[in-house]
Amino acid sequence: MPRFVSTIIIGCGVSGIGSAALLKRKLNHDDVHIFERYAAPAGVWFANQYPGAACDVPASLYSFSFAQRRNWPEAWPGRDVIQQYYESVWRSYGLAPKTSFKTEVVVAKFDVHTNLWHVWTRPAEQPHHDVRKDNNPEPVREDYAELDGKAGYEHWVCKVLINAVGGLSEPNKCEIKGAENFKGPIFHSARWDTSVDMADKRVVLLGNGCSGAQIVESLSPRVKHITQLGRSKHWYLPVVNLNAKYFRIIGWLFPGFMRACVFFLLEYHFRAFRRTRGAKQRNAVARDSAAHIRKTAPAKYHDFLIPDQKTLEIGCKRRVIDMGYLEALNRPNVDLLASGAKEIKEHSVILDNGDEIPADVVVLATGFSIRASGGALKIIGRDGRDINTYLSEEYQEPSTYRSTMITDFPNLFMVMTGFNATTGHSSVVFTCECIIDWMIRIGRDVYTDKRVPTKAELEFTDPAKPRTSRPRFITVEPKRKAQEKEMLWMQEKMQDYVFATGCGAWYIDPKSGANAITYPGSQVDFYWRSRFPVWQDLKYTNLPNGKTQPRIGWVEWFGNWMGWGEVDEPTTVIGRKMVDGRIVDSGR
Ligand SMILES: Cc1cc2nc3c(=O)[nH]c(=O)nc-3n(C[C@H](O)[C@H](O)[C@H](O)COP(=O)(O)OP(=O)(O)OC[C@H]3O[C@@H](n4cnc5c(N)ncnc54)[C@H](O)[C@@H]3O)c2cc1C
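Just so we're aligned, residue 6 is where the sequence shown starts under the working numbering, counting upward by one.
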């Protein structure tokens with residue numbers, strides 16, 4: 006017999022922990038269960054154990070507003086401190102007995118006969134610290150009868166499904182020719198092999214993004230030699246020293262005030278991303294970054310390190326806060342080469358130009374595959390299609406409502422896994438809290454409904470079978486028209502920002518050419534849209550007493566009346582052509 010819990014959360018990172026904690030705080034709802042693939046909480050902060058791993062936003066903003074700390078050991082703490090912080094929040098909200106580690110969710114199916122989600126889990130293979138052992142997750146058949154019978158598989162049922170699998174949890178695979186022949190350790194930065202003694206080793210490090218920079222700075226004093234290979238340019242900005250005594254005193258006395266100061270300072274930086282009006286500010290940032298690079302890094306690297314605004318606008322990639330990387334490039338045992346690797350041999354790496362670099366250890370700081378997030382997970386909605394197929398067949402562009410919901414997937418909330426939720430200038434934790442806040446506001450009646458399914462309702466019903474009774478459980482989902490309007494608005498609004506100037510490939514949806522990642526607005530704007538749901542955009546079923554609108558507070562009612570959460574009617578800057586709500590010409 007399947008087990009019932011009111012809310013299932015997939016993933017125990019910042020988003021999963023934040024969802025469970027805020028449901029408890031705001032609604033006293035604790036009938037939740039979290040499934041997590043890894044062996045411990047905190048998501049990327051558990052997985053990324055590479056030397057130098059740290060967050061690029063001061064801790065006061067990279068922490069929950071409802072769990073502020075006064076005594077951060079450093080303003081920009083390292084990975085261990087952040088992991089311990091999120092683990093402590095997870096513990097303090099009593100989530101330990103409500104979490105299954107080393108367990109992955111493989112299938113989630115909506116039952117149209119009951120309005121319940123059915124979830125199947127299996128023991129998760131733990132990540133390998135060796136890229137040669139990487140394999141694709143074992144695919145799953147979606148046949149529910151077969152899943153129920155499989156050894157190791159468990160069947161759960163819930164009313165609400167929260168997808169918090171994160172976008173940066175699947176490292177890019179190593180596709181370099183010959184990697185399998187390498188005789189030493191070879192691993193991804195997110196799969197760091199802590200058992201390898203790095204002393205006296207010649208390390209070849211592929212990648213010069215945030216992780217690559219942190220590794221060079223932290224690892225170079227401990228190894229014989231490190232050669233960093235990089236093809237891409239980044240805007241490096243000097244770190245602001247917030248460890249000074251007076252900042253620490255303010256942070257201790259008024260943690261909320263400190264958090265607000267950091268937030269608004271970063272919001273000021275966002276102004277530079279405005280395509281036309283931000284040009285002056287971008288030029289100033291570019292000048293500061295170039296001056297910092299010239300002052301700190303060896304002259305031989307200046308040409309490679311300093312980006313050209315014509316090919317890389319500020320804001321197109323997350324800026325790299327320089328915590329000592331450029332200084333480390335002066336060390337005699339560090340080489341930076343503007344090249345990629347075309348082959349890996351038994352004891353060396355071959356560069357694009359054919360040069361051979363001897364290597365005892367190869368580290369890949371080559372980023373993550375956002376499209377592979379969730380691993381084998383398939384989420385199947387009302388009409389039997391999985392989410393990816395549904396989205397690509399129904400909408401020609403990345404489309405989620407408030408970056409959180411999709412039509413035909415009732416009671417499914419995507420926390421930081423919907424489109425256009427990411428900030429390039431601020432803390433993901435802030436964005437994540439806004440999304441959870443919205444999810445709780447609009448789902449209040451679903452969460453607080455105390456009814457539980459009968460034995461018969463716990464069985465998954467074949468969708469092809471005729472319904473014998475009406476589903477009783479409450480659902481909420483966006484109306485299709487509202488989701489379409491938001492999709493159009495999103496990409497039109499994007500034109501106002503540098504995000505539409507051909508930014509790096511990972512922002513762009515390969516099929517439509519639309520930006521699927523960044524939110525085209527400030528975080529104040531993001532907050533505002535979460536604070537004031539647009540109730541007429543949402544469709545509810547089975548509310549008590551035959552109502553069609555949920556209970557709402559007077560502030561929300563007033564915000565709705567004022568239209569504060571609404572998006573503008575999209576103008577046609579791009580020139581898209583629509584027929585019956587479908588894009589027939591993308592205008593690109
Ligand atoms: C190295 C690194 C540094 C970063 N630094 C910053 C920073 O400084 N500032 C910032 O704002 N952002 C930063 N980020 C972005 C970061 O992703 C977010 O800030 C935030 O931690 C995301 O949390 P999350 O819970 O959404 O996702 P994650 O932390 O990725 O958590 C998702 C969890 O879901 C689990 N999971 C996935 N699929 C399944 C499944 N099928 N079944 C069960 N469990 C599953 C994963 O194992 C993972 O633990 C950084 C990211 C990385 C990788």
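C-beta atoms are modelled at their ideal positions from N, C-alpha and C, and glycine is treated no differently.
Judged by their CB atoms, Ser237 and Leu369 are not nearer to each other than the 9 Å cut-off. Taking each of Tyr67, Ile384, Val221, Val367 in turn and checking the Cα distance to Tyr330, the smallest one comes out for Val221. 9 Å or more divides the Cβ of Gln233 from the Cβ of Met328.
The closest heavy atom of ligand 1 lies less than 8 Å from the beta carbon of Glu109. Annotation for Asp340: the continuous beta strand (DSSP E) segment containing it runs 339-342. Excluding the 5 residues flanking it on each side, Leu334 has same chain C-beta neighbours closer than 7 Å at Ala302, Pro303, Tyr306, Leu341, in chain order. Nearest to Val367 by alpha-carbon distance, out of Tyr55, Val208, Tyr251, Ala289, is Val208.
Here Gln131 is exposed. Its C-beta has fewer than 16 other C-beta atoms within 10 Å. Under a 10 Å Cβ-count criterion, Thr480 is classified as buried, with 16 or more other Cβ atoms of the shown protein chains found around its own Cβ. Straight across, the Cα-Cα distance linking Ala291 with Leu356 is about 30 Å. Exclusion of Leu152 from the 8 Å shell around ligand 1 follows from its C-beta lying no nearer than that to any non-hydrogen atom of the ligand. For the segment 307-378, the full-length alpha helix (DSSP H) segments reaching 4 residues or more read 307-310, 330-333 along the chain.
Not one heavy atom of ligand 1 is found less than 8 Å from the C-beta of Arg324.
Taking the Cβ atoms as the reference, Tyr98 lies roughly 5 Å from Lys29, within the contact range of under 8 Å. Counting C-beta atoms within 10 angstroms of its own C-beta, Val170 has 16 or more neighbours from the protein chains shown and is therefore classed as buried.
Sequence-distant Cβ neighbours of Thr546 in its own chain, meaning closer than 6 Å and more than five residues away, are Thr480. Within a 10 Å sphere around the beta-carbon of Met410 sit 16 or more other beta-carbons, which makes this residue buried. DSSP places Thr412 in the coil class of the three-state scheme, outside both helix and strand. Taking 8 Å as the cut-off, the C-beta of Ile311 does not count as close to any heavy atom of ligand 1. The Cβ-Cβ distance between Val117 and Thr459 does not fall below 9 Å.
Burial check for Ser474: the Cβ neighbour count within 10 Å stays below 16, so the residue is exposed. For Ser517, the secondary structure class from DSSP, reduced to helix, strand or coil, is coil.
For Val37, the enclosing beta strand (DSSP E) covers residues 37-40. Not one heavy atom of ligand 1 falls within 8 Å of the beta-carbon of Ala218. Taking the Cβ of Trp50 as the reference point, at least one heavy atom of ligand 1 falls within a distance shorter than 8 Å.
Gly83 carries a strand assignment under DSSP once its states are collapsed to helix, strand and coil. Taking the Cβ atoms as the reference, Val124 lies roughly 44 Å from Ile231, outside the contact range of under 8 Å. Judged by the Cβ position, Ala169 qualifies as a neighbour of ligand 1 at the 8 Å threshold, a heavy atom of the ligand being closer than this. CA-to-CA, the gap between Gly256 and Ile326 works out to about 21 Å. Counting the other Cβ atoms within 10 Å of the Cβ of Leu270 gives fewer than 16, which makes it exposed.
For Met495, the enclosing alpha helix (DSSP H) stretches over residues 485-499.
The three-state reading of DSSP puts His160 in strand, counting E and B together. Here the alpha carbons of His133 and Tyr400 stand approximately 36 Å from one another. In this structure, the beta-carbon distance from Ile167 to Ile14 falls below 9 Å. Scanning the segment 387-466 for uninterrupted beta strand (DSSP E) segments of 3 residues or longer gives 417-419, listed from N- to C-terminal end. Ligand 1 approaches Asp61 closely enough that one of its heavy atoms is under 8 Å from the residue's Cβ.
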